[in-house]
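Taking it in order: structure first as C-alpha cells, then the write-up.
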Amino acid sequence: MQELGGDPALAQRIYQGLWQGGARTVDELPDVGAAWRSALRNAAFVSMLEPDLVLASDDGTRKYLWRLEDGHRIESVLIPDGDRLTLCMSSQVGCAMACTFCLTGDLGLKRQLKASEIANQPLQVGLQLAREDGRRITNLVLMGMGEPLHNLPNLIPALTNCLHDLGMNFSHRRVTVSTVGLVHKMVELAEALPVNLAVSVNATTEAQRRQIMPITRKHSLAKLIEAMERFPLPNNKRITIEYVMIAGFNDSLDDAARLFELLERVRAKVNLIPYNENPDRDLRTPPHDRVKAFQHYLVSRGLSCSIRTTRGTDISAACGQLGKARQQATEHGWLSDARRVAGFAPFPTS
Ligand code: SAH
Numbered sequence: 236m237q238e239l240g241g242d243p244a245l246a247q248r249i250y251q252g253l254w255q256g257g258a259r260t261v262d263e264l265p266d267v268g269a270a271w272r273s274a275l276r277n278a279a280f281v282s283m284l285e286p287d288l289v290l291a292s293d294d295g296t297r298k299y300l301w302r303l304e305d306g307h308r309i310e311s312v313l314i315p316d317g318d319r320l321t322l323c324m325s326s327q328v329g330c331a332m333a334c335t336f337c338l339t340g341d342l343g344l345k346r347q348l349k350a351s352e353i354a355n356q357p358l359q360v361g362l363q364l365a366r367e368d369g370r371r372i373t374n375l376v377l378m379g380m381g382e383p384l385h386n387l388p389n390l391i392p393a394l395t396n397c398l399h400d401l402g403m404n405f406s407h408r409r410v411t412v413s414t415v416g417l418v419h420k421m422v423e424l425a426e427a428l429p430v431n432l433a434v435s436v437n438a439t440t441e442a443q444r445r446q447i448m449p450i451t452r453k454h455s456l457a458k459l460i461e462a463m464e465r466f467p468l469p470n471n472k473r474i475t476i477e478y479v480m481i482a483g484f485n486d487s488l489d490d491a492a493r494l495f496e497l498l499e500r501v502r503a504k505v506n507l508i509p510y511n512e513n514p515d516r517d518l519r520t521p522p523h524d525r526v527k528a529f530q531h532y533l534v535s536r537g538l539s540c541s542i543r544t545t546r547g548t549d550i551s552a553a554c555g556q557l558g559k560a561r562q563q564a565t566e567h568g569w570l571s572d573a574r575r576v577a578g579f580a581p582f583p584t585s
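According to this note's numbering, the stretch in the sequence shown is residues 236 to 585, in order.
Printed below as a string of C-alpha cells:
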C-alpha cells in the first residue's frame, strides 16, 4: 500500500477484509473506494485454494483435499477433541525427508507451498465453519504434509497472518510447528515467531534413528538433543517430543530408559504416537499395554508423557497417511457416499 501511495488506515481495512472478512476478490473488500479498487486490481489478486474433496470420519474428524493452481493437491485435517478444534496443516506438496514409515515421504518433494497456500488452509476452513455452525478452530498444528522448517521463508509470513490480531488472531500458545529436527532452522523459527515447537525424535540411538529417518545422517541425534537443550524457550513452554512407536522396533523399556536419559536436560513433554498401520508398510502398532508401560516408565520418573489417540483412521487422516486422498477415496467409493461432506464450498459459489 505504501508503494501505491495508500495510507495505513486503508491498508488495515484491506488486510482485515481479507483475513477476517474472507473477501475472495478485490471487489468484495468493504469500504474501499472505486479508484482504489481498480488500482488494487491491477497490482494484486486474491488467491484461494480450491476445495476438491472433504471426507468426514465417523469420529468427527474431517479431511480436506485442496487443489492448487498448478493441479497439485494437499490435505488438511480438522480434529475435534473436547473443547478443542485443531487444524492440522500442510507446509509442502510431498516431503523431502523420506522418513521410511511415513506415506507422505513416498511422494518426495513436489514443491514448496506458497505462504498464501499455507495460510489459506485455516482461513478457508475457519470461514466455512463460521457459516456452518459457528465453531471456531482453536489450535493449529503444522503436522500435515511436508517438513515446515524446510519451507521457513514461506512458513513465517503464513504464520504471521495466522497470529496477527488484525488477521486470524490465533494465540501463539495454540500454534505448534513440528519438525524432523532441522537444527539450525529451529532457532531461526524461534527468533521469528513465539510459536510452540514439536520435534519428531522417534528413536533412541543413532543407528536406530538413521534406519527410519535419513535426516539423522545430516543432523545426528546427539546434535538434535544438544539443539533442544539450548533452544531459547520462554519460561512456561516446553518442547513436545513426538515419538512414533513401532512394534518390536522402538517400543521396549530399554528404549524408554534411553529416551529418558536423552531428554534429561531438555525441557520436554513426550507425546507417544502408536504407529498408524497401512497396507503400504509392513510395520505394526505395538500392543496397547506396551505403549502404556513405556508411558508409565517416563511418567513415574517425572517426565510428562501423553499418548496420541488415533483419529480419522477410516478416512486415512491419521498421522503419516496423508497424500493419497483422491486415490483412497476412489478405491473406497467415498466420492459418492455420505463420507463426502455434501456441498462443501468455503464460500458461497453464487
Ligand atoms: N515433518 C514434520 C511434520 C510432519 S508431522 C515432522 O516430521 O515432525 C507428522 C508426525 O506424524 C511426525 O511426528 C511423524 O513422525 C508422525 N508419523 C508419520 N507417519 C506416521 C505413522 N504411520 N504413524 C504414526 N505417526 C506417524
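Yeah, the Cβ is synthetic: ideal placement off N, Cα and C, and Gly gets one too.
> Along the chain, which unbroken stretches of the beta strand (DSSP E) at least 3 residues long are found entirely within the stretch 368-451?
Replying inline: 374-377, 410-414, 431-435
> Straight-line CA distance for I450 to V415?
Replying inline: 8 Å
> Mapping DSSP to helix, strand and coil, what is E238?
Replying inline: coil
>> Using the three-state DSSP reduction, which class does D549 fall into: helix, strand or coil?
In response: helix
> Span of the alpha helix (DSSP H) holding Y510?
Replying inline: First-last for Y510: undefined, no H or E at that position.
>> With the cut-off set at 8 Å, would you say R346 and L375 are in Cβ contact?
In response: no
> For S551, is the beta carbon positioned less than 7 Å from some heavy atom of the ligand SAH?
Replying inline: no
> According to DSSP, is A462 helix, strand or coil?
Replying inline: helix
>> Within 10 Å of its beta-carbon, does S406 have 16 or more other beta-carbons around it, so buried, or fewer, so exposed?
In response: exposed
> Which residues in the same chain have their Cβ closer than 7 Å to the Cβ of P388, if we skip the five residues on either side of it in sequence?
Replying inline: none
>> Does E310 come out as helix, strand or coil in the three-state DSSP assignment?
In response: strand
> How many angstroms separate the CA atom of V526 from the CA atom of L456?
Replying inline: 22 Å
>> Three or more C-beta pairs under 8 Å: does that hold for the stretch 425-437 against the stretch 270-286?
In response: no
> Under 8 Å between the Cβ atoms of K453 and I476?
Replying inline: no
>> Quick check: the Cα distance between A442 and R493, rounded to an integer number of angstroms?
In response: 13 Å
> Which first and last residues belong to the alpha helix (DSSP H) in which G252 is found?
Replying inline: 243-254
>> Could you check if P383 belongs to the surroundings of the ligand SAH, using beta carbon to heavy atom distance under 7 Å?
In response: yes
> CA-CA distance, P514 and A291?
Replying inline: 21 Å
>> Mapping the DSSP letters down to three states, classify R473 as helix, strand or coil.
In response: coil
> In three-state terms, what does DSSP make of D318?
Replying inline: coil
> Along the chain, where does the beta strand (DSSP E) that runs through G340 open and close?
Replying inline: Counting along the chain, G340 falls outside any beta strand (DSSP E), though it belongs to the alpha helix (DSSP H) covering 338-341.
> Is G361 helix, strand or coil by DSSP?
Replying inline: helix
> Cβ of M378 versus every heavy atom of the ligand SAH: is any distance shorter than 7 Å?
Replying inline: yes
> Just to check, is the beta-carbon of V415 closer than 7 Å to a non-hydrogen atom of the ligand SAH?
Replying inline: yes
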